[in-house]
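See structure below.
In mature numbering (1 follows the signal peptide of the UniProt record, and there is no 0), the protein residues as written are -26 to -1, 1 to 220.
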């Protein structure tokens, strides 16, 4: 009995000293999103962003580093239709920095398109930013969670901004099928079923959109008070029967 009582504090100490399992983070997968198919034969995706030492240190702690996550989304979502022409998708920025107690994230993607004869070109750029308070607990798990959340916020914004900028700037390069108010359209050629909806796309938050012009209102003539003249006749009114207006 004495041995059992003596062992209890040791068990309690062991329980206290045992660390909790590290948190798990689901991969940020965007393969469920509808692809955007462009009128080119080949489309390359390039990551031109090179993080500095501070950014690289944060990226090493991020369960979902912004550069690789953005690259994977672009490789899936932007597809070539097989038509003549070429395109390049370039990641110019995919950074998370820490300054003044905040985490600041930014992503920029450029799209350059060129027809087979080089006479026609297209360009679109999508940029997003986000900021949040950095954890001050000193717990590595808290920083991991904050960086993961920052990457997710940036990607959620990019998946709205990118289609909007493509439709706004290079709409003629997007593959559609059907006409009128049809929905999604299958891409032709070697895109393997890539489609994009033909329905209007709302501008992302903070994007200025010109207001629609007011509809013209036809001028209203004299009101017909003569019951002998049906209102549906052109020029209905006393003058229609050669009668003086009263």
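Where is the CB? At the ideal position from N, CA and C, for every residue including glycine. As the structure is a computational prediction, the values presented were derived from the model and not from experiment.
With respect to residue 52, residue 10 sits close: the two C-beta atoms are nearer than 8 Å.
Residue 123 and residue -1 have their alpha carbons spaced roughly 11 Å apart.
Residue pairing of residue 81 in beta bridges, as defined by DSSP: 68 and 102. The distance from the Cβ of residue 131 to that of residue 102 is about 4 Å, consistent with a contact at the 8 Å cut-off. When C-alpha distances from residue 99 are compared across 28, 107, 6 and 81, the shortest belongs to 81. The continuous stretches of alpha helix (DSSP H) do not include residue -1, and DSSP gives it neither H nor E.
Residue pairing from DSSP places residue 52 in a beta bridge opposite 10. Annotated three-state conformation of residue 143 is helix, per DSSP.
DSSP places residue 43 in the helix class (H, G or I) of the three-state scheme.
For residue 30, the enclosing alpha helix (DSSP H) stretches over residues 27 to 35. Boundaries of the beta strand (DSSP E) harbouring residue 18: 16 to 21, taken from the DSSP string.
Only residues of its own chain outside the window of five on either side were considered, and among them 98 have a CB closer than 6 Å to the CB of residue 143, listed in chain order.
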